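In this note's numbering, the protein residues as written are 29 to 191.
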């Protein structure tokens with residue numbers, strides 16, 4: 029029962045993380061690219077204020093619940109949960125070391141003006157965004173795989189006879 033609850037928490041947190049990043053990649057980034065630069069910079073800076081706490085919390089709960097699940101399980105389940113934890117951690121590191129520093133620059137640009145190389149910097153932000161989205165979605169897929177391959181409590185695996 030404890031493992032099922034933990035698995036549910038890992039699925040919820042990782043699903044929210046993958047969904048938020050996926051929505052951003054599929055909808056926000058194309059919108060950022062379709063509006064005038066000053067509008068993008070202002071909106072981006074405001075959005076990052078709102079995202080800071082919620083996204084970090086989702087990444088932390090995703091990584092910690094998956095890691096805890098890995099420590100409490102064995103065999104293939106442990107490998108799947110550990111891989112999901114590493115991928116959630118990768119999402120955090122990509123965000124913290126890639127996106128966040130650029131977000132700081134974007135915040136400055138919103139108050140002043142963008143430098144001549146702003147397009148390259150924004151493309152780098154999008155690359156980091158795509159990478160963290162991929163790691164989060166893959167972590168979520170691994171946890172779904174783990175949940176789907178487990179038998180409900182009280183049911184035994186069917187016995188097969190060799191042919």
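We treat Cβ as the ideally placed atom computed from N, Cα and C, and that holds for glycine.
From a predicted model like this one, the values you see are computed outputs, not experimental measurements.
Are the beta-carbon atoms belonging to residue i and residue j less than 8 Å from one another?
i, j, result
"residue 161", "residue 49", "yes"
"residue 38", "residue 119", "no"
"residue 167", "residue 42", "yes"
"residue 45", "residue 76", "no"
"residue 122", "residue 149", "no"
"residue 164", "residue 116", "yes"
"residue 154", "residue 57", "yes"
"residue 94", "residue 171", "yes"
Hey, could you find the ends of the alpha helix (DSSP H) residue i is sitting in?
i, result
"residue 47", "30-51"
"residue 146", "146-177"
"residue 132", "128-139"
"residue 72", "65-100"
"residue 58", "57-62"
"residue 124", "No alpha helix (DSSP H) holds residue 124; DSSP gives it neither H nor E."
For residue i, count the other beta carbons within 10 Å of its own beta carbon; 16 or more makes it buried, fewer makes it exposed. Which is it?
i, result
"residue 63", "exposed"
"residue 81", "exposed"
"residue 140", "exposed"
"residue 103", "exposed"
"residue 147", "exposed"
"residue 157", "buried"
"residue 52", "buried"
In chain order, what residues of the same chain lie with their CB nearer than 7 Å to the CB of residue i, ignoring the 5 residues before and after it?
i, result
"residue 98", "106, 109, 110 and 113"
"residue 60", "68 and 72"
"residue 96", "34"
Could you round the C-beta distance between residue i and residue j to whole angstroms and report it? I think they count as a contact, below 8 Å.
i, j, result
"residue 144", "residue 65", "No, residue 144 and residue 65 are not in contact; Cβ-Cβ is about 12 Å, not under 8 Å."
If you measure from the beta carbon of residue i to each beta carbon in chain B, is any gap under 8 Å?
i, result
"residue 114", "The question asks about chain B, but that chain is absent: this structure has only one protein chain."
Below 8 Å CB to CB, which residues in the same chain sit around residue i once its five sequence neighbours on both sides are set aside?
i, result
"residue 152", "126 and 130"
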